[in-house]
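Note that the sequence shown covers residues 10 to 494 in the numbering used here. Here's the structure, in structure tokens; my notes come after.
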Amino acid sequence: MASVRSIASAKSPDRLLTRRLGRVSSTITPLPPKKLSLTKTTPITLTTIKRRKSSRMSSKKTLTTSITSPGRLDSFPTIQNTSDNNKELINRMASTTLNELPPIRPSSRISNTNSTISSTPTLRNESESTLDTTQTEEPQNGLRSSVNTNDTVTSSSSSLSRKSSTQDIQFSIDSLAVIRTVGTGTFGRVQLVLHRETNTYYALKVMCIKRIVESKQVEHVRNEKKVLTTTDHPFLVRLQWTAHNNTLLYLLLEYLPGGELFQMLRKSEKFDPKTAVFYASEVLLALDYLHRLDILYRDLKPENIILDSEGHIRLVDFGFAKETKERTYTLCGTVDYLAPEVIQNRGHHKASDWWAFGILIFEMLAGIPPFYDTDQFQIYQKILSGKIEFPRHFDYAAKQVIRKLLQIDQNQRLGSARDGGEEIKREQWFVGVSWGDVYDRKVEPPVKPEVKSPGDTTNFDPYDECDMKTMPQAARYEVQLFKDF
Numbered sequence: 010m011a012s013v014r015s016i017a018s019a020k021s022p023d024r025l026l027t028r029r030l031g032r033v034s035s036t037i038t039p040l041p042p043k044k045l046s047l048t049k050t051t052p053i054t055l056t057t058i059k060r061r062k063s064s065r066m067s068s069k070k071t072l073t074t075s076i077t078s079p080g081r082l083d084s085f086p087t088i089q090n091t092s093d094n095n096k097e098l099i100n101r102m103a104s105t106t107l108n109e110l111p112p113i114r115p116s117s118r119i120s121n122t123n124s125t126i127s128s129t130p131t132l133r134n135e136s137e138s139t140l141d142t143t144q145t146e147e148p149q150n151g152l153r154s155s156v157n158t159n160d161t162v163t164s165s166s167s168s169l170s171r172k173s174s175t176q177d178i179q180f181s182i183d184s185l186a187v188i189r190t191v192g193t194g195t196f197g198r199v200q201l202v203l204h205r206e207t208n209t210y211y212a213l214k215v216m217c218i219k220r221i222v223e224s225k226q227v228e229h230v231r232n233e234k235k236v237l238t239t240t241d242h243p244f245l246v247r248l249q250w251t252a253h254n255n256t257l258l259y260l261l262l263e264y265l266p267g268g269e270l271f272q273m274l275r276k277s278e279k280f281d282p283k284t285a286v287f288y289a290s291e292v293l294l295a296l297d298y299l300h301r302l303d304i305l306y307r308d309l310k311p312e313n314i315i316l317d318s319e320g321h322i323r324l325v326d327f328g329f330a331k332e333t334k335e336r337t338y339t340l341c342g343t344v345d346y347l348a349p350e351v352i353q354n355r356g357h358h359k360a361s362d363w364w365a366f367g368i369l370i371f372e373m374l375a376g377i378p379p380f381y382d383t384d385q386f387q388i389y390q391k392i393l394s395g396k397i398e399f400p401r402h403f404d405y406a407a408k409q410v411i412r413k414l415l416q417i418d419q420n421q422r423l424g425s426a427r428d429g430g431e432e433i434k435r436e437q438w439f440v441g442v443s444w445g446d447v448y449d450r451k452v453e454p455p456v457k458p459e460v461k462s463p464g465d466t467t468n469f470d471p472y473d474e475c476d477m478k479t480m481p482q483a484a485r486y487e488v489q490l491f492k493d494f
């Protein structure tokens, strides 16, 4: 579907969302400035991947598609009318995403802070995602500890200055009983664990050092820990403890049993304006906080927004986050949410997060992203064209804030001014929002997740279990890369 004209005539959002194309991480050479011709190109054929939700580690299907150019965009470099130039663009802009595809983007929190591209949602039989949790789940045999006991474990508590009841708790791998997997990714998985001493549930992110090094994602993983240890905000996931041995890295995070915002959106197809404003308000405060610390998030999407037991959000998966005051040139993020300057490698900063924020608002209200397509290259073209077609049910205020956030010129984009998020708060769409109450979590969530117990996992997809002790041991120099982890 090239555009959305009427929500009534659009394809089922349920089906569309299962095919959102992937997550990208690559460093590329900027494209030479060229005008875009209005003449159709000779169709070219390329092979890409359909992404499927749920486990997002599921099988890949090959899709063959013909591509033509979008409308005119004189002020930005795009494509000429020859097949060779189109192929050159693909090689420069998306070669990694087409040639070195890792497994499908995981549904939960491992979220491939690593892969050159990860894929999104596949629809899953609803009966599969429902587990009986009327009783406390017992640790699984063989998964009680993910550590090879022959290895020495080096650990450190979170250095956050926040007042937390966990500050005096002593963590160790042996003190954590693995319950089940709640997310998977290229490097490892996220496991629900029970701290035996306090009878408290946490999410343990376990990553294979060798796979991280082989994927050249060392900096991203180290950045993730750095960001998590320096942030403290009600709408950001909290890091409790880290550790590593000769094989694995461990991040112990608070467990959020409410599940992904994506899952909620999939079930309801789209949100009403009041619900969308609620979630957007909490996300806005989280992004604005990160930006005040000069941290770019760079992977905003419904899959990375997790709900706690009360229905408030947390941003998770900081694998692409980066602290910098300068523009950065890494092509990373999820294809549907990439800003034009990211695709064109013109250098991007905080304004790219606000572009993704505009995409998020649109997707919450419509059920699909504004530049959705089954073909990755077509998505790039639509993003560069900047043409947005709104469903009929969008009100004026929603259209205005989205248009301003999806401004092609990042210097003119809403949120790019010095006051950043404050500028966005003044938009008509947010009229009536009490930002102090939002920050204090006093605004009642529109939906309260069904959570039967602190260790309930029914809001997460089921996964095959794997004993992480079987991961290949890293070389000494590879372990040294994470000596301060």
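By construction, the Cβ of each residue, glycine as well, lies at the ideal position given by its N, Cα and C atoms. Owing to the predicted nature of the structure, the values given are computational and were not obtained by experimental measurement.
Exposure of residue i, with buried meaning 16 or more beta-carbon neighbours within 10 Å
i    : result
D83  : For D83, the predicted structure reports a pLDDT of 36, less than 50, and the residue's modelled location is therefore unreliable. The matter cannot be settled from this model.
R114 : Bear in mind that a pLDDT of 38 at R114, under 50, signals an unreliable position, so the number given afterwards is only what the model happens to contain. Counting Cβ neighbours within 10 Å, R114 comes out buried, since at least 16 surround it.
V440 : exposed
A484 : exposed
G376 : buried
R435 : exposed
E431 : exposed
D382 : buried
A212 : buried
E319 : exposed
T251 : buried
L302 : exposed
A289 : buried
T256 : buried
I126 : Confidence is the limiting factor: at I126 the pLDDT is only 33, short of 50, which leaves the residue's position unreliable and the question unanswerable from this model.
Cβ pair residue i, residue j closer than 8 Å
i    : j    : result
L324 : V442 : no
G268 : F469 : yes
F244 : E206 : no
T5   : G356 : This structure does not reach residue 5, given that the chain is present from 10 up to 494, and the question cannot be answered.
F494 : K234 : yes
L305 : K359 : yes
P266 : D476 : no
Y346 : K310 : yes
Q179 : V187 : no
Q416 : Q437 : no
L237 : F327 : yes
G367 : I411 : yes
Continuous beta strand (DSSP E) stretch holding residue i: start and end
i    : result
Y259 : L257 to E263
W438 : No beta strand (DSSP E) holds W438; DSSP gives it neither H nor E.
R427 : Careful: R427 lies outside any beta strand (DSSP E) and carries neither H nor E.
K396 : Looking at the DSSP string, K396 is not in any beta strand (DSSP E), and its letter there is neither H nor E.
V410 : That residue, V410, is in no beta strand (DSSP E); its alpha helix (DSSP H) goes Y405 to L414.
M216 : T209 to C217
Closest Cα partner of residue i within the set the options
i    : options                   : result
F386 : P349, N232, V222 and G464 : P349
F491 : T209, N254 and V187       : N254
D177 : I368, K457 and Q249       : Q249
R231 : D465, E223, F329 and A406 : F329
D281 : A407, Q390, Q416 and P266 : A407
K214 : V236, K331, D241 and L260 : L260
R285 : D446, P458, M373 and P481 : Residue 285 is actually Ala in this sequence, not Arg. The candidate whose alpha carbon is nearest that of A285 is M373.
I314 : T239, I370 and M480       : I370
E487 : L203, L258 and D241       : L258
F287 : D308, Y448 and M480       : Y448
E6   : K331, K279 and L270       : Since the displayed the chain opens at 10 and closes at 494, residue 6 lies outside it and no answer follows.
Check: residue i C-beta below 7 Å from any heavy atom of the ligand SAM
i    : result
E319 : As far as ligands go, the structure on display features none, and thus does not contain the ligand SAM.
Span of the alpha helix (DSSP H) around residue i
i    : result
Y298 : P282 to R301
I182 : It is not in any alpha helix (DSSP H) - I182 carries neither H nor E in the DSSP assignment.
T239 : V227 to T239
Q489 : R485 to Q489
I314 : Careful: I314 lies outside any alpha helix (DSSP H), inside the beta strand (DSSP E) at I314 to L316.
A360 : K359 to A375
Min CB distance residue i to chain D below 8 Å
i    : result
V236 : Among the chains in the structure shown there is no chain D, since it carries only a single protein chain.
Next item on the list: Determine, using beta-carbon pairs with one atom in the region 348 to 364 and one in the region 422 to 442, whether at least three such pairs fall under 8 Å.
Entry: yes
Item checked: Inter-stretch contact at 8 Å, needing at least 3 Cβ pairs: the region 447 to 454 / the region 187 to 205 -> no
Next item on the list: Determine, using beta-carbon pairs with one atom in the region 322 to 341 and one in the region 274 to 282, whether at least three such pairs fall under 8 Å.
Entry: no
Notebook entry, point to check: Touching or not, the region 286 to 302 and the region 208 to 225, by the rule of three or more beta carbon pairs under 8 Å?
Noted result: no
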